Structures are given as structure tokens and as C-alpha cells.
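In this note's numbering, the protein residues as written are 285 to 636.
Here is the structure we will look at, set down as C-alpha cells.
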């Protein structure tokens, strides 16, 4: 018997807008002190540009109101794809990767004045600076995000950062620099995010398009689910794929395709034992979608997927969720609020 599922939307609203600036790729956590923290790449000129910074906002009232923006990381390169974890020791880990994609970004998308400013900035980035900053990073805070330690290289990057397991280890899967066409690499930290080493590989079929933007969830001790983006050349075929591990991430089965169309994924284990995944759909019914599993990821309710926010165009997504004490779900994402504006940070508060 198929159980019908629908989403009850409590509210959808802007939680951070920077006038004439572009915001993207957020992640949210609910801390042990019941504070919501959202990190994202902000103060940007566009989807690709030299100016991206890793930034943070806070809420102490379950997302009803939000603080002003603070900056976590601002390297000489473009800081992208912010992720955040609160570890069992109370340490905050904020992840991002620094890139120079603006060197190859089509100049036709911007004014000559804008592009010339990029070229001037790029000319200041000598080989030593690029070597120093290019790659995936994490910063630690033991002061609840009010001060930050130095940068540690995490070997791989992932859009929503890492996952801490019940045994204390912290895992993340992705591609090392310049190895995007190869098998996914799983890295591990055993010292609260200070250092990282390669644990294993996550196999996937050798098919058209690469895999990446992996999200890992531990749903039982040592039993893990990983959902990932498939970068098929045809956007209408970019389904989520899934791999599982039964030994704490040391070995993984080969990834298989799910029926969920969109990317990238973010999973949360709910109080009732179900799992919810959210992802962005950039074609047809554009917006933020959610899907439930009632059997630990063995099957997903694809036929009753829930749209929790419609969008005016396809520059959207990277949603991430937390469950609040009352059982409702709070999902953050980026998209355009008003046509003609640049994307901002938005949130939908909803129930399934």
C-alpha cells in the first residue's frame, strides 16, 4: 500500500538578502544549545566571480529572526559551497572550497567593467598564492563561531561538508583537486577536524557524466547512506544516485540510480525514524523538492515527492534541513526572491 504524502508549508521567507549581491550554497545545523546556524557563500557578484566569502547567520528563535552576517573565510580566491558541522565536543567545523573558475567564466555574461575588474584581480594572483589557497578547506571554532582557527586542507570538498558518526569519526566524500572524473574519495578525521586522511574509495559505474556533491547520513551504528549528484550532460537525466556502507564507511557498494531527479542532496534522520532528503530541481517544476524514506533508504517515495518552494528560474537549490523540537522541518536554500534580482538566502518551514 502506498501512503500518500504531502507537505504543509508553515512559511517561506527570505532570511538573508544582500542588495545587488549574489548568495549561494547554504547549509544549516541546529546546535546543542538549540541555535540555528546557516553558512553560505555570500557577497558575490554572480554564480562565478572572484569575490565569494564564506559567511554565517544565526537564529535563536527557530528561524523566526536572523542575525546580521559575519564572515568566516575570505581567501584571495572564490570561496564556495559552505558546509557546517557541530561535533560531539562542541566544536564548529565550517567547510568550503577556494577556486579560480572565474578565469575561464564567459566574459559575455558580465559587463566589460565587471570583467576588467576580474582580470585586474586575477593578475594579482601569482602562482604562489594560487598554490597556497586552491582547494578544499575547513576552519574550526571552539567559541561557537565567534573566533576561528586557521585553515586545514580536507583533501576533498563536498557541498554540505562532512558528517560525524556516532563513534566520533568525521567523514566526507568527494574528489581531490583535478580528479573529478575518478572514483569518489572518502576522507576521515579522527581528531575533531584537525587533520584528514584518505579512508577508502566509493565506487560508481563508469558512465557518461561524473559523480559528486555527496551527502552521507548515519542511520544506525556503522550503517551509512550516501546520496550523490550525477552530472549527466543532459540536465533532464541528473538523478540522485545512492551507495551504502555497513561497516562505518570503510567499504561501500557501487552506487545505483534512484528515481529522484535533481541535485544536490541533503538528508536528515527524523524523530519518527524516517529519512527526508531535499534537493533542487532546475527544469520543469523548478524549485526545492523533498522526498521521504520510511525504510532506512531502501526505497524512496518518489511518486509522492513534495515541492516545498517554487522558483522563478533555475538558479536555485543546494537545500539543507534540520528538524525542530516540535517535529517540523526547517529547510534553507538559495533562489531568486523577486525576478530581476540576484539570488538570496531563503527558508521554508514545513511539516510532512
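No residue lacks a Cβ here, since even glycine has one placed at the ideal position from N, Cα and C.
The structure presented is a predicted model; accordingly, all values stated were derived computationally and were not measured.
Can you check DSSP and say which residues form a bridge with residue i?
i	result
residue 541	525
residue 634	293, 613
residue 551	561
residue 628	619
residue 300	629
residue 473	454
residue 332	BP columns for residue 332 are empty, so no partner.
residue 520	DSSP output for residue 520 lists no bridge partner at all.
residue 313	321
residue 338	325, 357
residue 308	325
residue 343	320
residue 468	486
Just to confirm my understanding: we take residue i, look at its own chain, exclude 5 residues before and 5 after, and list those with CB closer than 6 Å. What are they?
i	result
residue 295	633
residue 333	386
residue 379	367, 422, 445
residue 298	621, 628, 630
residue 480	438, 439, 471, 473
residue 598	566, 570
residue 551	499, 501, 559, 561
residue 371	448, 476
residue 525	512, 514, 539, 541
residue 330	306
residue 532	506
What's the C-alpha gap between residue i and residue j?
i	j	result
residue 513	residue 404	34 Å
residue 501	residue 529	10 Å
residue 527	residue 573	21 Å
residue 304	residue 601	19 Å
residue 603	residue 505	26 Å
residue 478	residue 433	10 Å
residue 418	residue 384	8 Å
residue 290	residue 635	9 Å
residue 595	residue 564	10 Å
residue 482	residue 575	31 Å
residue 376	residue 451	17 Å
residue 577	residue 560	6 Å
residue 545	residue 313	25 Å
residue 449	residue 373	13 Å
residue 318	residue 584	29 Å
residue 518	residue 362	27 Å
residue 510	residue 556	20 Å
residue 579	residue 301	38 Å
residue 537	residue 515	20 Å
residue 412	residue 360	12 Å
residue 459	residue 626	29 Å
residue 344	residue 436	29 Å
residue 543	residue 522	10 Å
residue 409	residue 469	29 Å
residue 611	residue 456	27 Å
residue 503	residue 581	9 Å
residue 591	residue 369	26 Å
residue 416	residue 389	22 Å
residue 407	residue 586	48 Å
residue 616	residue 454	23 Å
residue 613	residue 346	10 Å
residue 316	residue 493	39 Å
residue 393	residue 605	32 Å
residue 308	residue 337	10 Å
residue 287	residue 341	Confidence in residue 287 is poor, its pLDDT being 41 and thus under 50, which makes the residue's placement unreliable; the coordinate value appears in the next sentence. Taking the straight line joining both Cα atoms gives about 37 Å.
residue 618	residue 293	17 Å
What residues in its chain sit with their C-beta under 8 Å from that of residue i, if we drop five residues either side in the sequence?
i	result
residue 339	323, 324, 325, 326, 327, 353, 354, 355, 356, 366
residue 467	485, 486, 487, 488
residue 381	363, 364, 365, 419, 420, 421, 441
residue 589	544, 573, 574, 575
residue 495	468, 488, 512, 513, 514, 515, 525, 539
residue 391	399
Who are the Cβ neighbours of residue i in its own chain at under 7 Å, not counting the five residues just before and after it?
i	result
residue 535	484, 529
residue 230	Residue 230 is absent from the structure shown; the chain starts at 285 and stops at 636.
residue 497	442, 443, 512, 513, 547, 548
residue 520	567
Would you say residue i touches the ligand FAD, meaning its beta carbon is less than 7 Å from a heavy atom?
i	result
residue 331	Looking at this structure, you won't find the ligand FAD or any other ligand, since it has none at all.
Checklist entry - Which residue spans inside the stretch 572-623 form an unbroken beta strand (DSSP E) run of at least 3? => result Complete beta strand (DSSP E) runs here, min 3: 590-594, 601-607, 613-619.
Checklist entry - Does the stretch 397-417 touch the stretch 338-354, meaning 3 or more C-beta pairs lie closer than 8 Å? => result no
Item to check | Every unbroken beta strand (DSSP E) inside the stretch 353-389 [3 residues or more] | outcome: 354-357, 362-370, 376-383
Checklist entry - Would you say the stretch 354-371 touches the stretch 407-426, given that touching needs at least three Cβ pairs under 8 Å? => result As far as the Cβ criterion goes, the stretch 354-371 touches the stretch 407-426, which means the pair count is three or higher.
Next on the checklist: In chain order, what are the residue ranges of uninterrupted alpha helix (DSSP H) at least 4 long that sit wholly in the stretch 383-453?
Outcome noted: 396-407, 411-417
Item to check | Contiguous beta strand (DSSP E) assignments of at least 3 residues, all confined to the stretch 478-515 | outcome: 481-486, 494-504, 507-515
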